[in-house]
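Visitor: Chains as they are written, first to last, in my numbering: chain A, 1 to 325; chain B, 1001 to 1428. Glycine included, every Cβ here is placed at the ideal spot set by N, Cα and C. Quick caveat: nothing in here was measured; it's all calculated off a predicted structure.
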């Protein structure tokens, strides 16, 4: 493992499988009466959120607390940042307080990369989502969810997603989730197809390790997992598609479309879902939809990442099976 | 003023000759000239060029003196071998009145490191809506001949047409920053493979090319001349080539950094590479080099854009666009054009002195190195190779992409009307 987690593209197949396997161990902690490990006792982690995100921030915070780390939450709103303080100054101020790791969410693509590579701080940096660039722990939790559902939790240990066919649908252009997933799923051996109107696919996508299609219906029957991406309503002003209704008709997932998927195939969404436009309530609430599992798995994945980045050389959980008895 | 004998210099890269400066004028050029009464500069093996002329410099004064001033900017210019710079109008206040352009012009005269020719804004406040008093700026002491909203595009076709028509009255030229604003909303780098991976907003080539296509047609329609700033794409080259083949009065410039650097460097997210127009692809770089060599692109212009450290030592999105260039321009041109065999030193003199002086009507500059001409000269040690060390820059700002990079060539001497502004690499 590298010292920082900035991009899913930085992970080797072995790194990724190690994180997934470690997350399986971490997941067992959630089943205990006392959901806590002493692993990061005495370590300080700051959650540095320059962009609103309830879901990801709480997920990281839960993961940190389950590992017994000391947690500092920093949100840009109402902070020195709103008075004009720079990212560099903010980060250095926090590091002066003895921070071991920085979990950063930032609206600007590349901000975590700069934080990790500019010599501003020494702490480990975990990217919790930057602009339209990367969201590596989201990709890891998605892969974890796929492996559990499509391979099986125990059977999956040590395994990747070789040969699994994954379809991502929607606003690829503005999606850090799509970029992260394409990188990681390819590393794990999956075959990825992106489906979107041409206006929501970036120029230059031809070099990505995936297929691209404008036609959702022809892709569904050969998909083991279909991940719907969030379409931001503010994009409507920029004429990426004519109307919400037309988008929904061509790229929304409803019951009829879900029925065209193989029986074992799952439906995923990074959330928050726009029901009725990108996904119908019927699909969102079906047993095949893994949205709630993805949230739970997010905590396990983030525990695994923080544990491994902060020097976890020993097994994260000592004799977990013995403890469970 | 005393005499100076430059001994054994390769004038425009030709055979070694002696050049005698007497007062502000070149007195004699030839072999074995007498050094009597003259200070001698041994120039064995070095190349002597007419003083360089930069048609595109940001001096930042008035308003952003923390980035650069007329004094520091002209010292940087002299260090880079320039004897004239054209100062862009995007200052605070904007150089859109006779008063502001005269202020900049006078500061240049007082400091004396190189001539400063202000560029006037095309529109009031660079807002693209109302023509600035172009005639008043031309008639001012500054004698403005080049007008530009650089930093912004004159995107309204009617305003651009009117500006092109209006400056015909006094032989002016409109220098366009070609950037279609709607196509570049949120743009942060070249749109392509790298931007797709990095998740940075794309600046498509067509946003530049569509404006250039429109403007050459407008220039043709109204019978005026247009100058295109900092070409950055292969497609732009093709449009300018086509326009010239039709006899349209268009000239174009390329920056040194667009001749050398590509968007692959943005993978570092280091804002030192953030520039407008953005760094493009290797294919674009090669097309720009070829176009400069064959004359489709007329000149090299630095787009020297100084910024204080804190404006670049931050995340990409928050960083200012631009890089300094006066002190490294000639080295980059040597590396990309001369050392590659695309251009000889006479060609460099043409693209970096003669033609920019003609486009901007900088009288007394860009003249032949021959007797009777003003002694505006630059001496270059072309055999030198060294690491770029921004700490030694004369510019107030250090935002160079070449820090620690080895580049060839070093300007050792610069003379402005016979007065040395740079001697042995040191400012006078």
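1) According to DSSP, what are the bridge partners of residue 153(A)?
2) Figure out for me which residue from 1367(B), 1403(B), 1385(B) and 1388(B) has the closest Cα to the Cα of residue 1053(B).
3) For residue 60(A), count neighbouring C-beta atoms within 10 Å of its own C-beta (all shown protein chains included) and say buried if the count is 16 or more, exposed if not.
4) Cβ closer than 7 Å: which chain B residues qualify as neighbours of residue 205(A)?
5) With DSSP run on the structure shown, which of helix, strand or coil describes residue 22(A)?
6) Counting along the chain, where does the beta strand (DSSP E) carrying residue 73(A) start and finish?
7) So what does residue 1086(B) bridge to, in DSSP terms?
8) Quick check on DSSP: helix, strand or coil for residue 1002(B)?
9) Going by other Cβ atoms of all chains shown within 10 Å of its Cβ, with 16 needed for buried, is residue 262(A) buried or exposed?
10) For the beta strand (DSSP E) containing residue 1345(B), name the first residue and the last one.
11) Could you give the uninterrupted runs of the alpha helix (DSSP H) lying entirely in the stretch 1207 to 1288 of chain B, keeping only those of 4 residues or more?
12) Would you decide whether residue 1309(B) is buried or exposed? Buried here means 16 or more other CB atoms lie within 10 Å of its CB.
13) Would you verify that the beta carbon of residue 1105(B) is, or is not, closer than 7 Å to some beta carbon of chain A?
14) Check the Cβ-Cβ distances between residue 119(A) and every residue of chain B, and say whether any is below 7 Å.
15) Taking C-alpha atoms, which residue in 1144(B), 1092(B), 1386(B) and 1139(B) lies nearest to residue 1116(B)?
16) Quick one: what's got a C-beta closer than 8 Å to residue 1055(B)'s C-beta in the same chain, skipping five residues either side?
17) So what does DSSP say about residue 325(A), is it helix, strand or coil?
18) Report buried or exposed for residue 218(A), applying the criterion of at least 16 other Cβ atoms within 10 angstroms of its Cβ.
19) Counting C-beta neighbours from all protein chains within 10 Å, is the total for residue 173(A) 16 or more, i.e. buried, or is it exposed?
20) Over the uninterrupted alpha helix (DSSP H) stretch that includes residue 165(A), give me the two end residues.
21) Select from the stretch 125 to 136 of chain A all residues with a C-beta closer than 8 Å to any C-beta belonging to chain B, and list them in chain order.
22) Inspect the beta-carbon positions of residue 1193(B) and residue 204(A) and report whether they are closer than 7 Å.
23) What residue range does the alpha helix (DSSP H) around residue 1105(B) cover?
24) For the alpha helix (DSSP H) holding residue 1356(B), just list the boundary residues, first then last.
25) Closer than 6 Å by C-beta to residue 293(A): which residues in its own chain qualify, once you throw out the five before and the five after it? Chain order, please.
26) Looking at C-alpha atoms only, which residue of 1284(B), 1293(B), 1349(B) and 1169(B) is the closest neighbour of residue 1081(B)?
27) Please identify, using Cβ separations under 8 Å, the residues of the stretch 1295 to 1314 of chain B that lie next to chain A, in order along the chain.
28) Only counting runs of 3 or more residues, tell me where the beta strand (DSSP E) segments fall wholly within the stretch 191 to 272 of chain A, in order along the chain.
29) Does residue 1286(B) pass the burial test, meaning 16 or more other C-beta atoms within 10 Å, or should it be called exposed?
30) Any idea if residue 20(A) is buried or exposed, counting beta-carbon neighbours within 10 angstroms, 16 or more meaning buried?
31) Assuming contact is defined by CB atoms lying nearer than 7 Å, are residue 178(A) and residue 185(A) in contact in what I supplied?
32) Give the interface partners of residue 1269(B) over in chain A, defined as CB-CB distance under 7 Å, in chain order.
33) Counting pairs of beta carbons, one from the stretch 1027 to 1040 of chain B and one from the stretch 1263 to 1281 of chain B, are three or more of them closer than 8 Å?
34) CA-CA distance, residue 320(A) and residue 254(A)?
35) Return the CA-CA distance between residue 1070(B) and residue 1206(B), expressed in angstroms with no decimal places.
Guide: Straight from the coordinates:
1) Here the question's residue 153(A) lines up with position 153 in the first chain. DSSP lists no beta-bridge partner residue for residue 153(A).
2) As a first step, residue 1053(B) must be located in the second chain, where it is residue number 53. Minimum Cα distance to residue 1053(B) is reached at 1367(B).
3) Here residue 60(A) refers to the residue found at position 60 when the first chain is read from its first residue. Buried, because 16 or more other Cβ atoms sit within 10 Å of the Cβ of residue 60(A).
4) Translated into the one-based positions of the first chain, residue 205(A) becomes position 205. Identification of chain B residues near residue 205(A) by a Cβ-Cβ cut-off of 7 Å yields 1196, ordered along the chain.
5) As a working mapping, residue 22(A) is identified with position 22 in the first chain. Three-state result, residue 22(A): helix.
6) To locate residue 73(A), count along the first chain from 1; it is residue 73. In the DSSP annotation of this structure, the continuous segment of the beta strand (DSSP E) that includes residue 73(A) starts and ends at 70 to 75.
7) Within the second chain, residue 1086(B) is the residue found at index 86, counting from 1. Looking at the DSSP assignment, residue 1086(B) forms a beta bridge with 1117(B).
8) Translated into the one-based positions of the second chain, residue 1002(B) becomes position 2. Residue 1002(B) carries a coil assignment under DSSP once its states are collapsed to helix, strand and coil.
9) For this step, residue 262(A) is matched to residue 262 along the first chain. Exposed, by the Cβ-count rule.
10) Mapped onto the second chain, residue 1345(B) falls at position 345. Not the beta strand (DSSP E): residue 1345(B) falls in the alpha helix (DSSP H), residues 1345 to 1349.
11) Segments of the alpha helix (DSSP H) lying fully in the stretch 1207 to 1288 of chain B: 1234 to 1245 and 1256 to 1260.
12) If you number the second chain from 1, residue 1309(B) lands on position 309. The residue in question, residue 1309(B), is exposed, as its Cβ has fewer than 16 Cβ neighbours within 10 Å.
13) On the second chain, residue 1105(B) is found 105 positions in, with the first residue counted as 1. False, the Cβ-Cβ gap to chain A never drops below 7 Å.
14) The residue labelled residue 119(A) in the question sits at position 119 within the first chain. Answer no: the Cβ-Cβ gap between residue 119(A) and chain B never drops below 7 Å.
15) Counting from 1 along the second chain, the entry for residue 1116(B) is found at position 116. Of 1144(B), 1092(B), 1386(B) and 1139(B), the residue nearest in Cα terms is 1144(B).
16) If you number the second chain from 1, residue 1055(B) lands on position 55. Closer than 8 Å at Cβ, skipping near neighbours: 1086, 1146, 1175, 1227, 1253, 1299, 1301, 1356, 1359 and 1360.
17) To locate residue 325(A), count along the first chain from 1; it is residue 325. Any reading at residue 325(A) must be qualified, since the residue scores a pLDDT of 35, below 50, and its modelled position is unreliable; the value itself is stated next. When DSSP states are grouped into helix, strand and coil, residue 325(A) belongs to the coil group.
18) Reading the first chain from its first residue, position 218 is the one you call residue 218(A). When all chains shown are included, residue 218(A) counts as exposed.
19) As a first step, residue 173(A) is located in the first chain; it is residue number 173 there, counting from the start. Here residue 173(A) is buried, its C-beta having at least 16 other C-beta atoms within 10 Å.
20) Counted from its first residue, the first chain places residue 165(A) at position 165. Run containing residue 165(A): none in the alpha helix (DSSP H); it sits in the beta strand (DSSP E), 165 to 169.
21) Answer set for the stretch 125 to 136 of chain A: 130, 131, 132, 133 and 134.
22) Indexing the second chain from 1 puts residue 1193(B) at position 193. Indexing the first chain from 1 puts residue 204(A) at position 204. Yes, they are a contact pair.
23) The count along the second chain starts at 1 and reaches residue 1105(B) at position 105. Secondary structure note for residue 1105(B): its alpha helix (DSSP H) is the uninterrupted segment 1098 to 1111.
24) On the second chain, residue 1356(B) is found 356 positions in, with the first residue counted as 1. Run containing residue 1356(B): 1355 to 1360, per the alpha helix (DSSP H) assignment.
25) Working through the first chain from its first residue, we reach residue 293(A) at position 293. Its chain contains 145 as the residues whose beta carbon lies nearer than 6 Å to that of residue 293(A), once the 5 sequence neighbours on both sides are disregarded; these appear in chain order.
26) Residue mapping note: residue 1081(B) aligns to position 81 of the second chain, counting from 1. Relative to residue 1081(B), the option among 1284(B), 1293(B), 1349(B) and 1169(B) whose CA is nearest is 1349(B).
27) Listed by position along the chain: 1310, 1313 and 1314.
28) The qualifying runs are 191 to 195, 211 to 213, 225 to 228 and 266 to 268.
29) The sequence position of residue 1286(B) within the second chain is 286, counting from 1. Under this definition residue 1286(B) is an exposed residue.
30) The residue labelled residue 20(A) in the question sits at position 20 within the first chain. Classified as buried, residue 20(A) has 16 or more neighbouring CB atoms from the shown chains inside 10 Å of its CB.
31) The count along the first chain starts at 1 and reaches residue 178(A) at position 178. The count along the first chain starts at 1 and reaches residue 185(A) at position 185. Not a contact, by the Cβ cut-off of 7 Å.
32) Taking the second chain and counting its residues from 1, one reaches residue 1269(B) at position 269. For residue 1269(B), the chain A residues whose Cβ falls inside 7 Å of its Cβ are 110, 113 and 114, in order along the chain.
33) Verdict: no, contact absent.
34) Taking the first chain and counting its residues from 1, the one referred to as residue 320(A) is at position 320. Taking the first chain and counting its residues from 1, the one referred to as residue 254(A) is at position 254. Only weak support exists for where residue 320(A) lies, its pLDDT of 42 falling under 50; the value from the coordinates is given anyway. Those two C-alpha atoms are separated by around 41 Å.
35) Within the second chain, the letter at position 70 stands for residue 1070(B). Within the second chain, the letter at position 206 stands for residue 1206(B). In a straight line, the C-alpha of residue 1070(B) is about 35 Å away from that of residue 1206(B).
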